[in-house]
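2 protein chains.
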Amino acid sequence: MVNTPARRGGLRELTRRAVQAEIASTAMELFLEQGFEETTVDQIAAAVGMSGRSVFRYFATKEDMVLGEMRAIGDDLAAALQRRPASEEPWEALRRALDEPLAALDSDGGKALARATMLSTTPALRAAQQQKHAQWHELLIPVLAPRLKGPSSTRELRAHAIVSAALSCLDVAVDEWTRSGGTKPLDRLLDSAIQAVRS
Amino acid sequence: MVNTPARRGGLRELTRRAVQAEIASTAMELFLEQGFEETTVDQIAAAVGMSGRSVFRYFATKEDMVLGEMRAIGDDLAAALQRRPASEEPWEALRRALDEPLAALDSDGGKALARATMLSTTPALRAAQQQKHAQWHELLIPVLAPRLKGPSSTRELRAHAIVSAALSCLDVAVDEWTRSGGTKPLDRLLDSAIQAVRS
DNA sequence: TTATAGTTGTCAGTGACTGACACACTAGGA
DNA sequence: TCCTAGTGTGTCAGTCACTGACAACTATAA
Chain A
0 MVNTPARRGG
10 LRELTRRAVQ
20 AEIASTAMEL
30 FLEQGFEETT
40 VDQIAAAVGM
50 SGRSVFRYFA
60 TKEDMVLGEM
70 RAIGDDLAAA
80 LQRRPASEEP
90 WEALRRALDE
100 PLAALDSDGG
110 KALARATMLS
120 TTPALRAAQQ
130 QKHAQWHELL
140 IPVLAPRLKG
150 PSSTRELRAH
160 AIVSAALSCL
170 DVAVDEWTRS
180 GGTKPLDRLL
190 DSAIQAVRS
Chain B
0 MVNTPARRGG
10 LRELTRRAVQ
20 AEIASTAMEL
30 FLEQGFEETT
40 VDQIAAAVGM
50 SGRSVFRYFA
60 TKEDMVLGEM
70 RAIGDDLAAA
80 LQRRPASEEP
90 WEALRRALDE
100 PLAALDSDGG
110 KALARATMLS
120 TTPALRAAQQ
130 QKHAQWHELL
140 IPVLAPRLKG
150 PSSTRELRAH
160 AIVSAALSCL
170 DVAVDEWTRS
180 GGTKPLDRLL
190 DSAIQAVRS
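Chains A and B are the protein sequences, given in the same order.
As numbered in numbering that gives the first Met the number 0, residues 0 to 198 make up the first sequence, in order.
As numbered in numbering that gives the first Met the number 0, residues 0 to 198 make up the second sequence, in order.
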C-alpha cells in the first residue's frame, strides 16, 4: 500500500500526494526542532492528526519522510544524463547532469542547508541516504554505459566505478558545503572534487 | 560496556575477545544458514548459551557481529598507507595500501565469498558497511592529505574526494568479484575501476 | 440504492535495543 | 580468613519502529 502508484493524475493519487506532503512537512518541522532520533512517529502522527499506523501507510520508514523525494531526483538525474550530447565524455556528461539538482540545493538556501546539516549528523539518515544513492546508481548505469569506449568485457565495471565515484564526489562536495554553512559555492566544490579524483 | 577496551593484553581483555569471537562465529553460521534478517539475536544467544542481553554486552548491534572486524582493518589500512613512500602519488599509494586487505579477501576463498554475497544482498548490512567505510574514510584523510600538492585551501576537500572515490572503487570491485563467484581476480578488477575513474 | 474499492483506527504482536537491579565470581588487601 | 571492589551475568520491564488482521467508514460507479 505504501507503494501504490495508481493511475497518474487520478484524484486518489492527488489526495494521496497531498497527505504525503503534509506528513513530510510536519515531520521535518519536528525533526529540525527536536532532532530526528528524538522525534517519535506517533508524535508526528498526532501532529498531523492521524494514527501512527496510517502514517506508515504513506511512508515505509521514518527516514523516508525526509528522503522520499530522492527517488524522483534520481529519475530526473538519469533523464538529464540521457539528454546530454553523445559527444560528451562520461565525466563531463555526469557533471553537467548534476547541474540541476545542485542548483536546487544552492538556491533554496536555508531550508536545504538545515536539512543537509541534519542529514550529516544523523547516522540513520546517512545510511538511508546511501541506499537512495545506490538506487540512483542503478538508474545511471544503463544510461552511462553506452557512452564508454574500450573493451565491452569491462564496460559494466567501468560504468559502475565512474558513477560511484561521481556520486562520492557529490557527497563530498555537499558535506563541505554544509560544513561551510552554505557559503562556499557548491558547483565549484564539486568541480574541485572531480578534478582531484581524476588527477 | 560494549566499548570496553581495558588494558591491552590483560586477562580480562583476552577472555572478552574469545567470547566475542565465539558469538561472531556462531552468528555467522546461523546467518549463512537461514539469512541475516531471519535470524534472531535471541536465537544466536541461545546457540552460544547466554542471554540475549549479554550478547548485546559484546556487540552493540546485530550488524556488528558480521562487521566487527572492519574497524581493525581500517586501522591496518591507514597504517599501510602511512608506510608508503612519500614519493608515491596519492592514488598509487592508496592502491598499494589496499593490497593487503584485498589479498585477505581473495585468499580465504569460500568463506569471504559467502560473507560478501550475504553482505551484497542484505540492505541492513550494506548500510552498516557504509558506516564502517565512513570510519575508514576519517582514518585515511589525515594520512593522505599531506601527500597532496596544490593549494592548501582545497587540500582537505581533495583528500576527501580521492579517499571517497578509492573506497567506491573498492566497493565496485568487490561487488563484481562477488557477482563473478570469486572467479575474476580482485586486484585486476580494482585496477580497472581506478583506471576508469581517472580517465 | 447497492456493490465495490480505498482509507482509516484499533489491537495485538515481533524484534532490536536499553536501563535497572540483584546476584555471582574473582582477585587483592587487611 | 574475611572483606571489598571490580566485573560479568540473568531477569525484567520498557521503548520504539514496524507489521498483519480486522472491522468500520466513505466515496464513487453501476
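The beta-carbon is built from N, C-alpha and C at its ideal position, and this holds for glycine as well.
*Shortest alpha-carbon distance to A/Asp-98 belongs to which of A/Pro-141, A/Ser-198, A/Leu-185, A/Leu-156?*
A/Leu-185
*asked:* Quick check on B/Val-142 - is its C-beta less than 7 Å from some C-beta in chain A?
replied: no
*Thinking C-beta only, is A/Arg-83 closer than 7 Å to A/Arg-94?*
No, the Cβ-Cβ distance between A/Arg-94 and A/Arg-83 is not below 7 Å.
_chain B contact for A/Val-65 (CB, 7 Å cutoff)_ = no
_Residues near B/Arg-125 in its chain [Cβ-Cβ closer than 8 Å; skip 5 each side]_ = Leu-118, Ser-119
*Between A/Gly-34 and A/Gln-130, what straight-line distance do the alpha-carbon atoms span, to the nearest angstrom?*
Each residue's Cα considered, the two are about 21 Å apart.
_Quick check on the DSSP output: what are the complete beta strand (DSSP E) runs of length 3 or more inside the segment 97-121 of chain B, in order along the chain?_
none
*DSSP on B/Val-47, reduced to helix/strand/coil?*
helix
*Does DSSP put A/Pro-150 in a helix, a strand or coil?*
coil
*Have a look at A/Leu-166, A/Gly-181, A/Thr-182 and flag the residue whose alpha-carbon is nearest the alpha-carbon of A/Ile-199.*
Because chain A in this structure spans residues 0 to 198, residue 199 of chain A falls outside the shown range and cannot be described.
*CA nearest to the CA of A/Ala-160, picked from B/Leu-156, B/Ser-152, B/Ala-160, B/Leu-169*: B/Leu-169
*Using a Cβ-Cβ cut-off of 7 Å (strictly less than) and excluding sequence neighbours within five positions of B/Arg-154, which residues of its own chain qualify?*
Only residues of its own chain outside the window of five on either side were considered, and among them Ala-144, Leu-147 have a CB closer than 7 Å to the CB of B/Arg-154, listed in chain order.
*Let me know if B/Thr-210 comes out buried or exposed under the rule of 16 or more other beta-carbons within 10 Å of its beta-carbon.*
The structure shown does not extend to residue 210 of chain B, since chain B is modelled only from 0 through 198, so no value can be given for it.
*B/Leu-156: contacting residues in chain A (beta-carbon distance under 8 Å)*: Val-171, Ala-172, Glu-175, Leu-188, Ser-191, Ala-192, Ala-195
*Look up B/Lys-61 in the DSSP assignment and say whether it is helix, strand or coil.*
coil
*the segment 55-65 of chain B touching the segment 24-32 of chain B, judged by at least three CB pairs closer than 8 Å*: Using a C-beta cut-off of 8 Å, the segment 55-65 of chain B makes contact with the segment 24-32 of chain B, since at least three inter-stretch Cβ pairs fall below that distance.
*asked:* Taking 6 Å as the limit between beta carbons, can you name the residues of its chain near B/Val-171, skipping five residues before and five after?
replied: Ala-192
*My understanding is that B/Leu-74 touches B/Leu-138, with C-beta atoms under 8 Å, so please give their C-beta distance in whole angstroms.*
Sequence check: residue 74 of chain B is Asp here, not Leu. That belief holds up - the Cβ atoms of B/Asp-74 and B/Leu-138 are roughly 7 Å apart, short of 8 Å.
*Is the CB-CB distance between A/Leu-112 and A/Gly-181 below 7 Å?*
Against a cut-off of 7 Å, the Cβ pair of A/Gly-181 and A/Leu-112 comes out as a contact.
*Establish whether the CB of B/His-159 and some CB of chain A are separated by less than 7 Å.*
yes
*At a CB-CB cut-off below 9 Å, which residues of chain B make contact with A/Pro-84?*
Under the 9 Å cutoff, chain B gives no residues; its nearest Cβ is about 18 Å from A/Pro-84.
*For A/Arg-157, does the count of other Cβ atoms within 10 angstroms reach 16, so buried, or fall short, so exposed?*
buried
*In whole angstroms, what separates the C-alpha of A/Leu-188 from that of A/Glu-175?*
8 Å
_On the criterion of 16 or more Cβ atoms from any shown chain inside 10 Å, does B/Ser-106 qualify as buried, or is it exposed?_
exposed
*Just confirm the distance between the C-beta atoms of A/Ala-92 and A/Leu-76, as a whole number of angstroms; I'd bet it's less than 8 Å.*
About 11 Å; that fails the 8 Å criterion.
*To which residues of the same chain is A/Gly-51 closer than 6 Å at the C-beta, ignoring the five residues directly before and after it?*
Same-chain partners within the cutoff: Val-40, Asp-41, Ala-44.
*Taking A/Ala-20 as part of the alpha helix (DSSP H), name the residues at either end of that continuous run.*
10-33
*Own chain residues within Cβ distance below 6 Å of A/Thr-177, not counting five before or after*: Ala-115, Thr-116, Ser-119
*For the segment 127-152 of chain A, which residues have a beta carbon sitting closer than 7 Å to at least one beta carbon of chain B?*
Gln-129, Gln-130
_Neighbour-count burial assignment, A/Pro-89, 16 or more Cβ in a 10 Å radius_ = buried
_Residues, ordered as in the chain, of the segment 109-123 of chain A that lie near chain B by beta-carbon distance below 8 Å_ = Pro-122
*Which two residues bound the contiguous alpha helix (DSSP H) that contains B/Ser-191?*
185-196
*Quick one: which chain A residues come within Cβ less than 8 Å of B/Ser-167?*
Here the neighbours are Ala-160, Ser-163, Ala-164, Leu-166, Ser-167.
_Distance check for B/Lys-110 and B/Phe-30, CA to CA, integer angstroms please._
13 Å
_For A/Ser-53 and A/Glu-12, the rounded distance between their alpha carbons_ = Rounded to the nearest angstrom, the two C-alpha atoms are 16 Å apart.
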